[in-house]
Amino acid sequence: MITADGEKQAIVALLAADQFDQASVCLQQALDRWPRDAGLLLMQVRLALRQGELQQAHAALVALREQGCPPPDWLPWVAVLAQALDQAGFRPLAQAWLHECQPMARAAGFALPAPLPLPPHIGPDSPPLHTGQTLCRYPPYEGDAYIYAIDVAGSCNLRCPSCPVGNMAEVQRSKGLMPLDRFEAILDKIASDRPGLRPIIHLFNWGEPLLHPHLGQIVQAVGRRGWVSYVSTTLNIDRGLDKLVAARPSWIKVSISGDRQQDYGRTHARGQLERVMSNLKLLRRLLDEQPPQQPPIVVTLALHLYRHNQAARERLAALASELGFDFVASPAVLMPIEKNLQLAQGSADALTRQIADDLLMHPAWLSQLNRQRRSGRFDCEARFNMTAINFDGSVALCCCTYSPQLNIHQDFLQSSHEQLEALKYAHPFCETCTRGGFDYSVNDVLPASVQPLA
Ligand code: SF4
Ligand code: SF4
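Each residue of the sequence shown is one higher than the one before, counting from 0 in numbering that gives the first Met the number 0.
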């Protein structure tokens with residue numbers, strides 16, 4: 000006689016032999032017979048998570064929960080599902096699972112990661128948009144404090160085709176360095192606009208911070224206020240690196256896109272890999288020469304993944320580890336929003352189409368996926384938790400827009416925080432961006448076809 004336990008043993012054997020497709024067929028047949036069997040449902044969760052089928056894993060966990068008395072060993076799988084959902088952008092759903100299962104986990108002596116609270120500086124809802132609609136907020140992905148992206152060096156020595164510096168050369172945009180006194184005045188205004196807030200200060204947006212001759216003093220100005228500073232560089236320059244390290248930024252990210260010049264030079268156009276490699280070693284040496292201090296400066300080697308450079312992942316991870324740096328690899332994205340919209344509308348130029356074809360996730364596909372997975376109930380993080388200030392003090396609609404006509408104010412120092420927020424929430428371009436699925440927001444619907452992002 001066929002029993003549920005006998006079927007489970009057979010499925011476990013198939014899983015142990017890595018025969019996932021066969022295991023999946025057997026599991027489905029068993030579930031058709033015993034749809035409420037907790038052990039089978041849990042196996043379905045495990046198998047679905049392993050295959051990246053979030054919809055199926057979610058549905059099986061819902062079925063287990065609806066039984067009222069799920070087995071105690073389901074809780075670790077709640078944690079795994081919550082993590083997978085979070086990584087795929089379904090933060091509200093991941094949070095709901097964690098929240099709902101906390102009491103059960105506590106009673107079972109199991110520690111689930113706690114749901115993330117909404118940071119106190121973020122209200123639960125947006126002010127009404129110009130359409131009259133109000134949107135919900137969520138714990139942001141980019142940081143648990145408010146972020147100011149200040150482009151201290153409004154120019155770059157590289158011409159990456161994924162970045163407007165490389166792909167929007169025709170745009171008339173002024174270039175230059177932010178004077179130190181303007182930077183200090185901007186920090187003072189942030190402090191008086193939003194007293195008590197300890198923001199994160201990004202010292203870049205569309206520029207290379209090391210081009211600024213006073214970068215060390217800029218970092219110190221942030222540190223004196225007890226705020227977090229974040230420098231992103233390609234390390235194609237070594238001038239000023241010693242002063243940068245001595246100024247102790249909170250975080251230095253070195254972006255890279257390969258470990259062979261032919262790959263690197265394609266996506267970090269004009270970049271010289273040999274120079275980057277030698278500057279990484281120099282950075283290590285400069286850090287070692289510093290007296291030990293807490294907290295240490297975090298250095299991350301960040302690989303932008305394209306179709307052509309994935310083989311470099313392990314080698315660059317090994318290099319980062321050898322140098323004592325963190326390593327992260329994430330899919331490269333096309334910027335700015337304007338270019339993504341052109342691609343989705345079929346009006347992009349050849350350079351943009353070419354770089355888009357090299358991305359792991361084509362913007363047109365991302366647009367389609369986001370429009371499928373979003374109800375439009377959630378605010379955009381680039382709007383509710385960030386302000387982008389250009390080198391000349393003008394304020395961009397957000398850190399993802401580049402065209403000067405999308406600036407919302409010509410002078411950050413002459414505008415209140417409330418005024419800037421009102422200008423952002425009244426801007427019609429956000430509606431275009433959101434309709435295209437390019438807003439920086441969360442996914443809150445889970446259609447059957449959904450796949451994890453990476
Ligand atoms: S992505 Fe960074 S390094 Fe490349 S052109 Fe843009 S600002 Fe410069
Ligand atoms: S909706 Fe789009 S344009 Fe508006 S702030 Fe968000 S990312 Fe920027």
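Idealized CB from N, CA, C, for every residue including glycine.
Query raised in the report: Can you list the alpha helix (DSSP H) stretches of 4 or more residues lying completely in the stretch 3-33, in chain order?
Result: 3-15, 19-32, all fully within the stretch 3-33.
**Report entry** Coarse secondary structure for I388, derived from DSSP in three states
**Finding:** If DSSP states are grouped into helix, strand and coil, I388 belongs with the strands.
Requested in this report: Between the Cα of S329 and those of K338, M360, A347, L342, spot the shortest distance and give me the residue it belongs to.
Outcome: Between S329 and the set K338, M360, A347, L342, the nearest pair of CA atoms involves M360.
Query - Proximity test, I388 beta-carbon vs ligand 2 heavy atom, cut-off 7 Å - result: The closest heavy atom of ligand 2 lies 7 Å or more from the beta carbon of I388.
Query raised in the report: Less than 7 Å between the CB of H267 and some heavy atom of ligand 1, yes or no?
Result: Yes, Cβ of H267 sits closer than 7 Å to a heavy atom of ligand 1.
**Report entry** For A148, three-class secondary structure by DSSP
**Finding:** Looking at A148 - three-state DSSP - the assignment turns out to be strand.
**Report entry** Distance between beta carbons of C135 and R376, contact taken as under 8 Å
**Finding:** About 6 Å separates the Cβ atoms of R376 and C135, confirming a contact at the 8 Å cut-off.
Requested in this report: Assign D17 to one of two classes, buried (16 or more other C-beta atoms within 10 Å of its C-beta) or exposed (fewer than that).
Outcome: Looking at its Cβ environment, which holds fewer than 16 other Cβ atoms inside 10 Å, D17 is exposed.
Report task. Pull up the distance between the alpha-carbon of I236 and that of L210, whole angstroms please. Result -> I236 and L210: Cα-Cα distance of roughly 8 Å.
Report task. Give the DSSP-derived three-state secondary structure of S440 in the structure shown. Result -> Here DSSP, grouped into helix, strand and coil, assigns S440 to coil.
Query raised in the report: Regarding A381 and ligand 2, is the C-beta to nearest heavy atom distance less than 7 Å?
Result: A381 Cβ: within cutoff of ligand 2.
**Report entry** Cβ neighbour criterion (16 or more within 10 Å) applied to A453
**Finding:** Per-residue confidence for A453 stands at a pLDDT of 38, beneath the threshold of 50, marking its modelled position as unreliable; the derived number appears in the next sentence. Counting Cβ neighbours within 10 Å, A453 comes out exposed, since fewer than 16 surround it.
Query - Burial state of V244, where buried means 16 or more other Cβ atoms lie within 10 Å - result: By the 16-neighbour rule on beta-carbons within 10 angstroms, V244 is buried.
Query - Residue from D438, S414, R434, C159 with nearest C-alpha to T400 - result: Looking at the Cα atoms, D438 is the closest of the given residues.
Query raised in the report: Under a three-way DSSP split, which group does N156 fall into?
Result: In the structure shown, the three-state DSSP call for N156 is coil.
Report task. Flag this pair as yes or no: are the beta carbons of D85 and A93 separated by less than 8 Å? Result -> Using a Cβ distance threshold of 8 Å, D85 and A93 count as a contacting pair.
Query raised in the report: Any heavy atom of ligand 1 closer than 7 Å to the CB of C159?
Result: Answer for C159: yes, Cβ within range of ligand 1.
Query raised in the report: Is the beta carbon of T455 within less than 7 Å of some heavy atom of ligand 1?
Result: Absent from the structure is residue 455, since the part of the chain shown begins at 0 and ends at 453.
Requested in this report: May I ask whether a heavy atom of ligand 2 can be found less than 7 Å away from the beta carbon of D241?
Outcome: Result no, Cβ not under 7 Å from ligand 2.
Query raised in the report: Does ligand 1 have even one heavy atom less than 7 Å from the beta-carbon of C398?
Result: False, no ligand heavy atom lies under 7 Å from that Cβ.
**Report entry** Residues near P114 in its chain [Cβ-Cβ closer than 6 Å; skip 5 each side]
**Finding:** For P114, where only same-chain residues beyond five positions count, the Cβ hits under 6 Å are Q94, L97, H98.
Query raised in the report: According to DSSP, which residues form a beta bridge with C135?
Result: D124, F377.
Report task. With L300 as the anchor, note down where its beta strand (DSSP E) starts and where it stops. Result -> Unbroken beta strand (DSSP E) run through L300: 297-304.
Query - C-beta contact flag for C379 and T433 at 8 Å - result: Taking C-beta atoms as the reference points, C379 and T433 count as a pair closer than 8 Å.
Report task. Please name the residue, chosen from T299, N278, G222, that lies closest to Q293 on a Cα-to-Cα basis. Result -> With respect to the C-alpha of Q293, the residue from T299, N278, G222 having the closest C-alpha is G222.
Report task. Grab me the residues of D36's own chain with a C-beta within less than 6 Å of its C-beta, minus the 5 sequence neighbours each way, in chain order. Result -> Only A3 meet the Cβ criterion.
**Report entry** Under the three-state DSSP convention, the category A37 falls into
**Finding:** It is helical.
Query raised in the report: What residue from G257, E273, A220 has the CA that sits closest to P248's CA?
Result: Out of G257, E273, A220, the CA that lies nearest to the CA of P248 is found in A220.
Query raised in the report: Alpha carbon to alpha carbon, how far is E65 from Q413?
Result: In this structure, the straight-line span from the alpha carbon of E65 to that of Q413 is close to 56 Å.
Query - P451 to C429 span [Cα, whole Å] - result: With a pLDDT of 45 at P451, under the threshold of 50, the modelled position of that residue is not reliable, and the figure given next carries that caveat. So the two alpha carbons sit approximately 25 Å from each other.
**Report entry** Top-ranked residue by Cα proximity to Y229, from A184, V151, D241, G175
**Finding:** Of the candidates A184, V151, D241, G175, V151 places its Cα closest to the Cα of Y229.
Query raised in the report: From C159 to R269, what does the alpha carbon distance come to, in whole angstroms?
Result: C159 and R269: Cα-Cα distance of roughly 8 Å.
Requested in this report: Might you give, ordered along the chain, the residues of its own chain that have their beta carbon closer than 6 Å to the beta carbon of L315, omitting 5 neighbours on each side?
Outcome: The answer, listed in chain order, is D258, L302.
Requested in this report: Could you tell me whether any non-hydrogen atom of ligand 1 is closer than 7 Å to the CB of W73?
Outcome: Relative to the non-hydrogen atoms of ligand 1, the Cβ of W73 never comes closer than 7 Å to any of them.
Query raised in the report: From L179, N204, A148, pick the residue whose C-alpha is nearest to that of G215; which is it?
Result: Closest option to G215, Cα to Cα, is L179.
Query raised in the report: Going along the chain, which residues of its own chain have a beta-carbon closer than 8 Å to the beta-carbon of R193, five neighbours each way excluded?
Result: Closer than 8 Å at the Cβ level, and outside the excluded window around R193, lie H120, Y145, H416.
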